[in-house]
Amino acid sequence: MSVADTTVIAGYTVGDGLLIAAALFVTLAVAMLYRAILGPTNQDRVLAVNVLGTNTVVILALLGAALGEPWFLDIALVYALLNFLMSIAISKFTVERGGVI
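Add 5 to the 1-based position in the sequence shown for this note's numbering, that's all there is to it.
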């Protein structure tokens, strides 16, 4: 049992609030997925994929805090590193092909 499960505010635990916040971030990720698929330019698509990766890291961190499982944070850190490397790789690929992000 974590601290998030024991603290009660207005009938809800802090863990409940963190799960609600994670659900809101999932909703925002679905909206950003729309932009990643139907974005008018490649720059919009690259930015949307980067935001999706950042949302995934935040969702994993919120789930780790809400459920009291520290290994979610380990996965979030690894995913953040992969997201950063992917952004650098896409930027380098786009610039080498003659396009400018």
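Cβ coordinates follow ideal geometry from the N, Cα and C atoms, glycine included. It should be emphasised that the depicted structure is a prediction, and the values quoted were computed from it without experimental measurement.
- Counting the other CB atoms within 10 Å of its CB gives Ala36 a total below 16, which places it among the exposed residues.
- The closest CA to that of Leu65, considering only Ala34, Val51 and Gln48, is found on Ala34.
- Per DSSP, the continuous alpha helix (DSSP H) segment holding Gly58 begins and ends at Asn47 to Leu72.
- In this structure, the straight-line span from the alpha carbon of Thr46 to that of Thr32 is close to 23 Å.
- In this structure, Phe30 lies near Val63, with their beta-carbon atoms less than 8 Å apart.
- By the C-beta density criterion, Val54 is buried, having at least 16 other C-beta atoms within 10 angstroms.
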